[in-house]
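>
In full-length UniProt numbering, the protein residues as written are 1 to 121.
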């Protein structure tokens, strides 16, 4: 069987990644909330005509929250697969993963406040 070309392999990888992103959005309530907030903040960016630098910061903040939320979901799913019963060590791992989401969410909210508070006030 011939080896796939680099290009074919990359196209397949992108397909798997898109499938994963759609699965994440379709199945996880927390990511649905984050996507909704991202849409609202994007609309606010257009409404308040934020600068290019502010767009960069906002897009980065949105991407980091969504990415870490996805990783948190992956950690939770694999932990539940490895140990379906309650386990204090698994709980510790899941709490750390959720804490990472909280930290980037707080930082992103601060970025949003820095961008939008002066415009609103």
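In this text, a Cβ means the ideal position worked out from N, Cα and C, and glycines have one as well.
All of these numbers come straight from a predicted model, not from anything done at the bench.
So the alpha helix (DSSP H) residue 24 belongs to, where does it begin and stop?
6 to 27
> What is the DSSP secondary structure of residue 36, reduced to helix, strand or coil?
helix
> Spatial neighbours of residue 61 within its chain, please: C-beta separation below 6 Å, excluding the five flanking residues on both sides.
108 and 111
> Go ahead and label residue 23 buried or exposed: buried means 16 or more other beta carbons lie within 10 angstroms of its beta carbon, across all protein chains shown.
exposed
> So for residue 58, helix, strand or coil by DSSP?
helix
> How about residue 76 and residue 94: are their beta carbons less than 7 Å apart?
For residue 76 and residue 94, yes; Cβs fall inside 7 Å.
> Quick check: the Cα distance between residue 117 and residue 70, rounded to an integer number of angstroms?
In a straight line, the C-alpha of residue 117 is about 29 Å away from that of residue 70.
> Could you give the distance in angstroms between the alpha-carbon of residue 10 and the alpha-carbon of residue 68?
23 Å
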